[in-house]
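Colleague: Numbering follows numbering that gives the first Met the number 0, with no gaps: position 48 of the sequence shown is 47.
Provided herewith is a single structure, encoded as structure tokens, for subsequent inquiry.
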Amino acid sequence: MALLTACVAPGKSPMPLAASGPVAIDLNGSGYLVDLQPTPAGAQMTVSAETGAMAMDQGLAAKRAADAFCAGRGSQVKASALGRFVAGTWVFNGGCA
């Protein structure tokens, strides 16, 4: 029986994804859904409200929900992850650090 080995080039390890789609986060009585997905450029985290669309002025709340998501994985949102408002959600490029 032959043993097969693979050479792997050094680099970043893959970004761990949510176990099964969006994860519910509760902050101060407000519910959010955080979804981390791979992209060609790395990872993208989308934060939405459990009840309806978010507003443009809720970027800080969205970032706190993203931080709580990452904290549950022993990490934090990448400092360079700037959010952008897209169709009632907040999107952060980069995922967790």
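Yeah, the Cβ is synthetic: ideal placement off N, Cα and C, and Gly gets one too.
Looking at F84 and M55, is the spacing between their C-beta atoms short of 8 Å?
Modeller: Closer than 8 Å, so yes.
Colleague: Apart from the five residues on each side of it in sequence, which residues of its chain come closer than 8 Å, Cβ to Cβ, to A18?
Modeller: The pLDDT assigned to A18 is 49, lower than 50, so where the model puts this residue is not dependable; a value taken from the coordinates is nonetheless given after this. Hits under 8 Å: none found.
Colleague: Taking only the alpha-carbon atoms, compute the straight-line gap between Y31 and D66 and give it to the nearest angstrom.
Modeller: Taking the straight line from one Cα to the other gives about 12 Å.
Colleague: Look at G20 and S47 and say whether their C-beta atoms are less than 8 Å apart.
Modeller: Not closer than 8 Å, so no.
Colleague: Exposed or buried, which one is G10 when buried takes at least 16 other CB atoms within 10 Å?
Modeller: Interpretation of G10 is limited by its pLDDT of 49, a score under 50 that renders its predicted location unreliable; the figure taken from the coordinates is listed afterwards. Under this definition G10 is an exposed residue.
Colleague: Tell me whether Q36, by its Cβ, gets closer than 7 Å to a heavy atom of the ligand ZN.
Modeller: This structure lacks the ligand ZN, and indeed carries no ligand of any kind.
Colleague: Out of curiosity, what's the CA-to-CA distance linking V7 and I24?
Modeller: The predicted position of V7 is uncertain, since its pLDDT is 47 and thus under 50; no value can be drawn from it.
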